[in-house]
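*Asks:* If you read the protein sequences in the order shown, they are chains L and Y.
The working numbering numbers the first residue of the first sequence as 51 and each following residue consecutively.
The working numbering numbers the first residue of the second sequence as 4 and each following residue consecutively.
Backbone N, C-alpha and C define an ideal beta-carbon position, used for all residues, glycine too.
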Amino acid sequence: EEEAKPKDEL
Amino acid sequence: MNIFRLFGDLSHLAAIIILLLKIWKSRSCAGISGKSQILFAIVFTTRYLDLLTSFISLYNTSMKMIYIGCSYATVYLIYAKFRATYDGNHDSFRVEFLIVPVGGLAVLINHDFSLLEILWTFSIYLESVAILPQLFMISKTGEAETITTHYLFCQGLYRALYLINWIWRFYFEGFFDMIAIVAGVVQTILYCDFFYLYVTKVLKGKKLSLPA
Numbered sequence: 051e052e053e054a055k056p057k058d059e060l
Numbered sequence: 004m005n006i007f008r009l010f011g012d013l014s015h016l017a018a019i020i021i022l023l024l025k026i027w028k029s030r031s032c033a034g035i036s037g038k039s040q041i042l043f044a045i046v047f048t049t050r051y052l053d054l055l056t057s058f059i060s061l062y063n064t065s066m067k068m069i070y071i072g073c074s075y076a077t078v079y080l081i082y083a084k085f086r087a088t089y090d091g092n093h094d095s096f097r098v099e100f101l102i103v104p105v106g107g108l109a110v111l112i113n114h115d116f117s118l119l120e121i122l123w124t125f126s127i128y129l130e131s132v133a134i135l136p137q138l139f140m141i142s143k144t145g146e147a148e149t150i151t152t153h154y155l156f157c158q159g160l161y162r163a164l165y166l167i168n169w170i171w172r173f174y175f176e177g178f179f180d181m182i183a184i185v186a187g188v189v190q191t192i193l194y195c196d197f198f199y200l201y202v203t204k205v206l207k208g209k210k211l212s213l214p215a
């Protein structure tokens, strides 16, 4: 399961 | 940050500014779908709520704020300042047919069942179809002003460059985000027909008009 990571893309 | 991502962002920024300037300079929003612009304002608002929770970089924060600010300015110009020029009769796409299924999909298919993550997912899905009212409007009137086609081209180019960026990131960073990729592919496909018309007509100096 993927953990929520900061989104660096716009 | 690779070059495709950077040029994708710049292309996106160019699209937003082209549209703002077009409306401002011509004092008219004729031919522009206010509904698409409202959808984009919703997209940016729901996606960039992380401005309040996490800091990534100065670039990231400032671009997000510019996108949000410009999208609200565009909506303001269309629905308030130059409302008299807004072509509401031709802007008849039913946006609830986009928002409701997209909202449902975001609740069902997401990376994490939390409010911020669902809103982010919603924004990704919504962005992929947010241009439909604009394309629908062009198909109804059968034509688009050349500057409007430049706007659309930059919007489509932005997504196409993001696709290359994701291929790059997958090979060199092992990074991929399935939700963003699938939505990005859908979004890019929606522009393909338009790209064809842009290259075969607008770049040859002709106005974009559809056969009757």
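#1: Which whole-angstrom value is the C-beta distance of I41 of chain Y and C32 of chain Y, which I expect to be below 8 Å?
#2: When the Cβ atoms of the stretch 119-129 of chain Y are set against those of the stretch 71-87 of chain Y, are three or more pairs found closer than 8 Å?
#3: What does the alpha-carbon distance come out to for the pair M140 of chain Y and G72 of chain Y?
#4: Does the stretch 13-26 of chain Y come close enough to the stretch 170-185 of chain Y to have 3 or more Cβ pairs within less than 8 Å?
#5: Report yes if the CB atom of S36 of chain Y is closer than 8 Å to the CB atom of P104 of chain Y, and no otherwise.
#6: Run through chain L and tell me which residues come within less than 9 Å of I112 of chain Y, C-beta to C-beta.
#7: Just the Cα atoms here: how many angstroms apart are I59 of chain Y and L23 of chain Y?
#8: Roughly how many angstroms separate the alpha carbons of V98 of chain Y and L129 of chain Y, rounded to a whole number?
#9: Round the Cβ separation of I194 of chain Y and G145 of chain Y to the nearest angstrom and send it over; I've been treating them as touching at under 8 Å.
#10: Chain L partners of N63 of chain Y, CB-CB under 8 Å?
#11: Here's a check: name, in chain order, each residue in its chain whose Cβ is nearer than 6 Å to the Cβ of Y75 of chain Y, leaving out the five neighbours to either side.
#12: What are the residues that DSSP puts in a beta bridge with L211 of chain Y?
#13: Please decide whether I3 of chain Y counts as near chain L, where near means a Cβ-Cβ distance under 8 Å.
#14: Locate the alpha helix (DSSP H) running through Y105 of chain Y, then write down its first and last residues.
#15: Looking only at C-alpha atoms, which of Y:A183, Y:H153 and Y:V188 sits nearest to I19 of chain Y?
#16: Helix, strand or coil: how does DSSP classify D53 of chain Y here?
#17: Tell me, please, whether the CB atom of Y154 of chain Y is closer than 8 Å to any CB atom in chain L?
#18: Can you pull out the residues from the stretch 120-133 of chain Y whose beta carbon lies closer than 9 Å to at least one beta carbon of chain L?
#19: Going by the C-beta, is A44 of chain Y closer than 7 Å to any heavy atom of the ligand ZN?
#20: Quick one: what does DSSP say M68 of chain Y is sitting in, helix, strand or coil?
#21: What does the Cβ neighbour count give for V110 of chain Y, buried or exposed, with the cut at 16 atoms within 10 Å?
*Replies:* According to the structure shown:
#1: Not a contact, Cβ separation roughly 12 Å.
#2: no
#3: 25 Å
#4: no
#5: no
#6: The contacting residues do not exist; I112 of chain Y stays about 13 Å from chain L at best.
#7: 27 Å
#8: Their Cα atoms are separated by approximately 10 Å.
#9: The sequence shown places Tyr at residue 194 of chain Y, not Ile. That pair is no contact at about 19 Å.
#10: D58 and L60
#11: If we look at Y75 of chain Y and ignore the five residues flanking it on each side, its Cβ neighbours are A44.
#12: Partner(s): Y:A147.
#13: Nothing can be reported for residue 3 of chain Y: it is not among the residues displayed for chain Y, which extend from 4 to 215.
#14: Note on residue identity: the sequence assigns Val, not Tyr, to residue 105 of chain Y. Run containing V105 of chain Y: E99 to L111, per the alpha helix (DSSP H) assignment.
#15: Y:H153
#16: helix
#17: no
#18: E120 and W123
#19: Because no ligand of any kind appears in the structure shown, any question about the ligand ZN cannot be addressed here.
#20: helix
#21: exposed
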